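Just so you know, the sequence shown maps onto residues 1 to 877 in full-length UniProt numbering.
Where is the CB? At the ideal position from N, CA and C, for every residue including glycine.
What you are looking at is a predicted structure, and each value in this text was computed from that prediction instead of being measured.
Report on the structure given below.
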Amino acid sequence: MNKLQKLFKPNSVAVIGASPKALRAGHIVMRNLLQSGFGGAIMPVTPKYKTVSGVIAYPSIDALPYTPDIAILCTNVSRNQQLLKELDERGTEFAIVISDDVEHLDLSALSIRVLGPNSLGIILPWQQFNCSFSPVAAKPGKIAFVSQSSSVCTTVLDWANDKNIGFSAFISIGQGQDIDFAELLDYLSMDGKTESILLYVESIKDARRFMSAARAASRNRRILVLKAGCSPEAQALGSPEIDTLDIIYDSAIRRTGMLRVKNTHELFAAVETLTHSVPLRGERLAIVTNGGGPAVMAIDALLERGGKLAVLDDEAIEQLKSSLPANWQGVNPIDLGGDATKERYVRAITTLMNNDCADAILIMHSPSAVSDSTDTANAVIEAIKAHPRHKHFNILSNWSGEQTSRDARLAFTLSGIPTYRTPESAAVAYMHLVEYRRNQKQLMQTPTTAEPLHTASVDSAKNWIKEQLLDKKTVSLDTHQNSPLFEQFGFNILPTWIASEVSEVVHMAENIGYPVAVKLRSPDIPHKSDVHGVALNLRNSQEVSSAAQAILDTAKLSYPQANLQGLLVQGMAKLGSAEELRVSIKVDKVFGPVILIGQGGSDWNIMQDAVAALPPLNMALARYLIVIALKSGKIRLQRNKETFNIDEFSKFLVRISQMAVELPEIQKLDIHPVLVSGSDLSIVDADITLSEYDGDAQQRLAIRPFPAEFVETVTLRDGQPILLRPILPEDEPIHAQFINSVSKEDLYNRFFSDVGEFNHEALANLTQIDYDREMAFVAVAFDDNGPSIIGVSRALITPDNSDAEFAILVRSDLKGKGLGKVLMQKIISYCKIKGTAQMSGMTMPTNRGMLSLAQSLGFELDVQFSDGTADMVLPLN
Numbered sequence: 001m002n003k004l005q006k007l008f009k010p011n012s013v014a015v016i017g018a019s020p021k022a023l024r025a026g027h028i029v030m031r032n033l034l035q036s037g038f039g040g041a042i043m044p045v046t047p048k049y050k051t052v053s054g055v056i057a058y059p060s061i062d063a064l065p066y067t068p069d070i071a072i073l074c075t076n077v078s079r080n081q082q083l084l085k086e087l088d089e090r091g092t093e094f095a096i097v098i099s100d101d102v103e104h105l106d107l108s109a110l111s112i113r114v115l116g117p118n119s120l121g122i123i124l125p126w127q128q129f130n131c132s133f134s135p136v137a138a139k140p141g142k143i144a145f146v147s148q149s150s151s152v153c154t155t156v157l158d159w160a161n162d163k164n165i166g167f168s169a170f171i172s173i174g175q176g177q178d179i180d181f182a183e184l185l186d187y188l189s190m191d192g193k194t195e196s197i198l199l200y201v202e203s204i205k206d207a208r209r210f211m212s213a214a215r216a217a218s219r220n221r222r223i224l225v226l227k228a229g230c231s232p233e234a235q236a237l238g239s240p241e242i243d244t245l246d247i248i249y250d251s252a253i254r255r256t257g258m259l260r261v262k263n264t265h266e267l268f269a270a271v272e273t274l275t276h277s278v279p280l281r282g283e284r285l286a287i288v289t290n291g292g293g294p295a296v297m298a299i300d301a302l303l304e305r306g307g308k309l310a311v312l313d314d315e316a317i318e319q320l321k322s323s324l325p326a327n328w329q330g331v332n333p334i335d336l337g338g339d340a341t342k343e344r345y346v347r348a349i350t351t352l353m354n355n356d357c358a359d360a361i362l363i364m365h366s367p368s369a370v371s372d373s374t375d376t377a378n379a380v381i382e383a384i385k386a387h388p389r390h391k392h393f394n395i396l397s398n399w400s401g402e403q404t405s406r407d408a409r410l411a412f413t414l415s416g417i418p419t420y421r422t423p424e425s426a427a428v429a430y431m432h433l434v435e436y437r438r439n440q441k442q443l444m445q446t447p448t449t450a451e452p453l454h455t456a457s458v459d460s461a462k463n464w465i466k467e468q469l470l471d472k473k474t475v476s477l478d479t480h481q482n483s484p485l486f487e488q489f490g491f492n493i494l495p496t497w498i499a500s501e502v503s504e505v506v507h508m509a510e511n512i513g514y515p516v517a518v519k520l521r522s523p524d525i526p527h528k529s530d531v532h533g534v535a536l537n538l539r540n541s542q543e544v545s546s547a548a549q550a551i552l553d554t555a556k557l558s559y560p561q562a563n564l565q566g567l568l569v570q571g572m573a574k575l576g577s578a579e580e581l582r583v584s585i586k587v588d589k590v591f592g593p594v595i596l597i598g599q600g601g602s603d604w605n606i607m608q609d610a611v612a613a614l615p616p617l618n619m620a621l622a623r624y625l626i627v628i629a630l631k632s633g634k635i636r637l638q639r640n641k642e643t644f645n646i647d648e649f650s651k652f653l654v655r656i657s658q659m660a661v662e663l664p665e666i667q668k669l670d671i672h673p674v675l676v677s678g679s680d681l682s683i684v685d686a687d688i689t690l691s692e693y694d695g696d697a698q699q700r701l702a703i704r705p706f707p708a709e710f711v712e713t714v715t716l717r718d719g720q721p722i723l724l725r726p727i728l729p730e731d732e733p734i735h736a737q738f739i740n741s742v743s744k745e746d747l748y749n750r751f752f753s754d755v756g757e758f759n760h761e762a763l764a765n766l767t768q769i770d771y772d773r774e775m776a777f778v779a780v781a782f783d784d785n786g787p788s789i790i791g792v793s794r795a796l797i798t799p800d801n802s803d804a805e806f807a808i809l810v811r812s813d814l815k816g817k818g819l820g821k822v823l824m825q826k827i828i829s830y831c832k833i834k835g836t837a838q839m840s841g842m843t844m845p846t847n848r849g850m851l852s853l854a855q856s857l858g859f860e861l862d863v864q865f866s867d868g869t870a871d872m873v874l875p876l877n
């Protein structure tokens, strides 16, 4: 049973601090519970009154006739700790704390689970359970809402009731000291009443748990995130101890396949869009309008967000011309003219639905003396519903105006067609569909592999770092000093020499050959440009001498206390068509190491000039990051766009990611710039800050990387060597070949149904796993045709690590070689190391081979012939 079961399906509730006085929390909660029609026991607890709202009250927790599933504390903050202790001793499973506890509760010795403090409560419309301090109730529906803000909760509820939108669950987590987003996402993603999930997020505390839960949930449910506190000033009001950059949240939300909206207006629009939409086939939008101006506004909003207008084909143009004004230019948007009748609208929309030149249609209408808003809307709705292909398209409407268009918009809402008041909001809403589709696509994208790192290179890099940190806690290194580290990871770094005085600089410049660059060396001056500490394109000894002296003089004058360590001399990189880009690693308190890329420059403002990504990166993720940077203008190609090689820059970012993953001592890395010209990438300047690191290096990462420690080579009974390793996203093609080589009977035993050909999405689910809560080991054999998967063992682990559901599959023609036992022992060993409480699995009673293997490895068997199932359980830790 899910550990939150009683929170979402309670049979009894105690209201601690219940009160008959209006406006008191204990009164409002009692009223909400009674008015919601909850069928379970409602038990007010107060020593002051015999009854509250007509219900017999109890003077204390120990006086309750039986133990409540949930207790809601409507009491002063000073009493919460003691009350929770009493409830815990009584055996109550869940408590909701309404009051704001600034100093936090001590829950370490308690087993009771807590929602809050500063929670508005929980509303479960399908259970007729309103255990909240909310002045507004919620209707039953298919959306779950989880919020850190009580005031946002009431705003959303008020809006939803006006729009006749219902909820499957409405949960205010407040400070989220105990029950937080991750645990709720795990529950809601499996809840039959929930189709979409909305999150209002101010901050995340446990990035690893949040990322894992969000990624798993977004494969099953649509999830929208309204992230507040974008600016440092706003963030400081909510969580002053957390200073995570907003672009890092952007990256995390994209990586998990969720959709971020920017404000409450967008949130409401996105709910409207996603609630009533079919999955988007493509991104081509056709616009039908009776006014050119509003269409232009919609197009501006569309293109600003990276949207695409559909291009009409010849057939569509010919059909449209017969029913449109003679001056129509044959382009999208399709301007029906200010005198457009409802018949003209219907003919245009029908033509588009007969055709495949668009994936979505935005129908716009401005108030007109010729066509009544409501009549036109009803005619359009009728035409759409009657068309046999209407489910092939996402259809959105924008009926502008107020009084004249209100009834029309209501008609669209009631018919399930999203509707918007302004052209811009309609275009933005459409882009929510597009962005959601892109994020989901990224979640399922099959990556290609960059060059793997050699273990010797990683070991060498680690040893080099140990040498740098010898007798030091922290050290900052410049380009000349950190060159050996970059070389271990295969980077090309521009040769750099150090000079301590001007005459030495001139001598080095003569040896290098002109032109050269001269730069200041000082750990106390982070931005050399602040003191004019960089001189470029120096063409002779006189220029070098003058520039070097000027740099030193200015630095001494501006920073008299600074430690000046001399000057760096470099040959000038041949720019030609090269792009100058900036790449950094920053360690965030919540999300761990983060990779940042952008155009850079001396005045680089990370919030405005960079996009972020969480390691580990593969080629697909790196490429997606670059595309986002290009589309958002964070990388603005200055020279020859054709020579910018995205694949080569992707490989570069994958190696940067490998550095971030493998070397926990890197606190900060700043490459400014890397020159990208075709397949040539050269690091010109790079600063690194290293600090001692003690602990599990993987735990600092928001996403668990490939667990290389579980790779091993084993030999089967017949002497065949195989590689046993965790599965990789890149395994999708050979995993498909493996599935095709397994007999239908064996597949039926594994999946309990007849499975056809696995599509890309199904294969992605099998290969792109979250190593933090799932594991799959593949047995890989090698021959002249390359690697092939010959067996797989899996464990899907519950978020609380209490159980691992296992499965095993071996290529049908390779049974009897002992491969099944090898794979089972591998997955058992893994679960023991992870600390999982038990392993469990299910097969068919006729699968004697699997049952015999399980029994030989210590599993307890429960064969139910009547049900056609056989359960296997192995206690571990």
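Return the CA-CA distance between N568 and E501, expressed in angstroms with no decimal places.
Inspection of the sequence shows that residue 568 is occupied by Leu rather than by Asn. Cα-Cα distance, rounded: 10 angstroms.
Which word fits residue 926, buried or exposed, when buried means at least 16 other C-beta atoms lie within 10 angstroms of its C-beta?
In the structure as shown, the chain starts at 1 and stops at 877, and residue 926 therefore has no counterpart that could be examined.
Buried or exposed: where does A22 fall if 16 or more other Cβ atoms within 10 Å of its Cβ makes it buried?
A22 is exposed by the Cβ-count criterion.
When burial is assigned at 16 or more other CB atoms within 10 Å of the CB, is T244 buried or exposed?
So T244 counts as buried.
Tell me whether the beta-carbon of I70 lies closer than 8 angstroms to the beta-carbon of C153.
Contact: no.
Helix, strand or coil, according to DSSP, for N332 in the structure here?
If DSSP states are grouped into helix, strand and coil, N332 belongs with coil.
Per DSSP, what are the beta-bridge partners of V544 in this structure?
In the DSSP output, where bridge partners are listed per residue, V544 has none listed.
In terms of residues, what are the limits of the beta strand (DSSP E) holding R222?
It spans R222 to K227 - the beta strand (DSSP E) in which R222 sits, taken as one unbroken run.
Give every residue of the same chain whose Cβ lies closer than 6 angstroms to the Cβ of D553, excluding the five residues on either side of it in the sequence, and list them in chain order.
The answer is none, since no qualifying residue turns up.
Taking just the CA atoms, how far does E283 sit from E266?
So the two alpha carbons sit approximately 19 angstroms from each other.
Could you please give me the residues that DSSP links to I595 through a beta bridge?
In DSSP, I595 forms a bridge with I585 and A613.
What residue range does the alpha helix (DSSP H) around A151 cover?
Per the sequence presented here, residue 151 reads as Ser, with Ala not at that position. Segment S150 to K163, the alpha helix (DSSP H) holding S151.
Can you tell me the Cβ-Cβ gap for S415 and I381, rounded? I've got them flagged as a contact below 8 angstroms.
That pair is a contact at about 5 angstroms.
For M844, name the three-state secondary structure that DSSP assigns.
M844: coil per DSSP, three-state reduction.
Please look up how many angstroms separate the CB atoms of R811 and S741, rounded, as I've assumed it's under 8 angstroms.
Confirmed, Cβ separation roughly 5 angstroms.
When DSSP labels each residue in this structure, what does A762 get in the three-state scheme?
Three-state result, A762: helix.
Is W604 helix, strand or coil by DSSP?
In the structure shown, W604 sits in coil (DSSP, three-state: anything other than H, G, I, E or B).
Do R221 and I197 have their CB atoms nearer than 8 angstroms?
Yes. Within cutoff.
Buried or exposed, going by whether 16 or more other CB atoms sit within 10 Å of the CB of H104?
Exposed, since its Cβ has fewer than 16 Cβ neighbours within 10 Å.
My output table needs one value for H27: the three-state DSSP class, helix, strand or coil.
Looking at H27 - three-state DSSP - the assignment turns out to be helix.
Specify the secondary structure class of Q570 as computed by DSSP and reduced to three states.
Strand at Q570.
From the DSSP output, read off the bridge partner residues of C131.
The partner list for C131 (beta bridge, DSSP) reads I122.
Run through DSSP, which three-state label would D867 get?
Residue state, collapsed to three classes: coil.
Can you check which of these residues, S584, N511 and P10, is closest to N605 by C-alpha distance?
Here the closest residue by C-alpha is S584.
Out of F170, L7, L477 and F652, which one is the CA nearest neighbour of T689?
Of the listed residues, the one whose Cα sits closest to T689 is L477.
Could you name the residues that DSSP lists as bridge partners for N740?
Partner(s): none; N740 has no beta bridge.
Using a Cβ-Cβ cutoff of less than 6 angstroms, which residues in the same chain neighbour D871 once the five nearest sequence positions on both sides are dropped?
These residues qualify, in order along the chain: M842 and D862.
Would you grab the beta carbon distance between K634 and V611 for me? Rounded to a whole angstrom, and I think it's under 8 angstroms.
Sure, about 5 angstroms apart at Cβ, within 8 angstroms.
Helix, strand or coil: how does DSSP classify Q5 here?
Q5: helix per DSSP, three-state reduction.
Quick check on the DSSP output: the alpha helix (DSSP H) that includes N398 runs from which residue to which?
First-last for N398: N394 to W399, but that is the beta strand (DSSP E), not the alpha helix (DSSP H).
Please report the distance separating the alpha-carbon of P418 from that of H760.
So the two alpha carbons sit approximately 30 angstroms from each other.
Looking at the structure shown, is T275 part of a helix, part of a strand, or coil, going by DSSP?
In the structure shown, T275 sits in a helix (DSSP, three-state: H, G or I).
Mind checking whether S679 and N492 have CB atoms under 8 angstroms apart?
Not in contact: S679 and N492 (Cβ atoms no closer than 8 angstroms).
Go through its chain and collect everything with a Cβ distance to F486's Cβ below 8 angstroms, but skip five positions before and after it.
Within the same chain, F486 has close Cβ partners I493, I683 and A686.
Taking the continuous beta strand (DSSP E) assigned at Y200, which residues delimit it?
Element bounds for Y200: S196 to V201.
A779: buried (16+ other C-beta within 10 angstroms of its C-beta) or exposed?
It is buried - the Cβ of A779 has at least 16 other Cβ atoms within 10 Å.
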